[in-house]
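Novice:
In full-length UniProt numbering, the protein residues as written are 1 to 188.
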């Protein structure tokens, strides 16, 4: 089965961005704090810094499971992430750049789970990410389609959608309606 998930987010702390089941997901995109060693030359000590990374995973019907540390992200900045799967290859785009392309990862359909799609949950009651323009599709987006999604909105680095954007707050509702139509195979 083919699949794509696309969303804009502003990172605030390590937690889930989107998945199809908090504890039993067949796909997920989240933020983790990855320890990266850094040598300080004054006293030659190695210090571990926690760097925010996008981590993603999928599980397919042939029991293939894979997790990727996709790319580093910056605190309090807008990022656009897209994950696509065409039945053989997983691709990740961050801010319209292909950052991972795994042709050996998996084969088969993404595991079907009877779970709700969870947006912005990390196990704690409050959400600290800002997430917008969520799209779930039953097809693998092309690089050109990813570019068009990326260029549809421009985000102001300090708060939200900029005044130059041609879309406004109703776009999130449209995305949810589109999502429902796509997964239920309702003509849209």
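All C-beta atoms, glycine included, are put in the ideal place defined by N, C-alpha and C. Note that the structure is a prediction, hence the values are computed from the model and not measured.
1) Per DSSP, what are the beta-bridge partners of residue 19 in this structure?
2) Are residue 95 and residue 11 closer than 8 angstroms when you measure CB to CB?
3) What do you reckon, are the CB atoms on residue 119 and residue 134 nearer than 8 angstroms?
4) Measuring CB to CB, does residue 6 end up less than 8 angstroms from residue 59?
5) Residue 85: buried (16+ other C-beta within 10 angstroms of its C-beta) or exposed?
6) Less than 8 angstroms between the CB atoms is what I'm expecting for residue 51 and residue 34, so what's the real figure, rounded?
7) How long is the line joining the alpha carbons of residue 110 and residue 30, rounded to whole angstroms?
8) When the Cα atoms are used, what is the spatial distance from residue 79 to residue 146?
9) Would you kindly report the start and end of the unbroken beta strand (DSSP E) that includes residue 97?
Specialist: Once the coordinates are examined:
1) 28 and 118
2) no
3) yes
4) no
5) buried
6) 5 angstroms
7) 18 angstroms
8) 13 angstroms
9) 97-102
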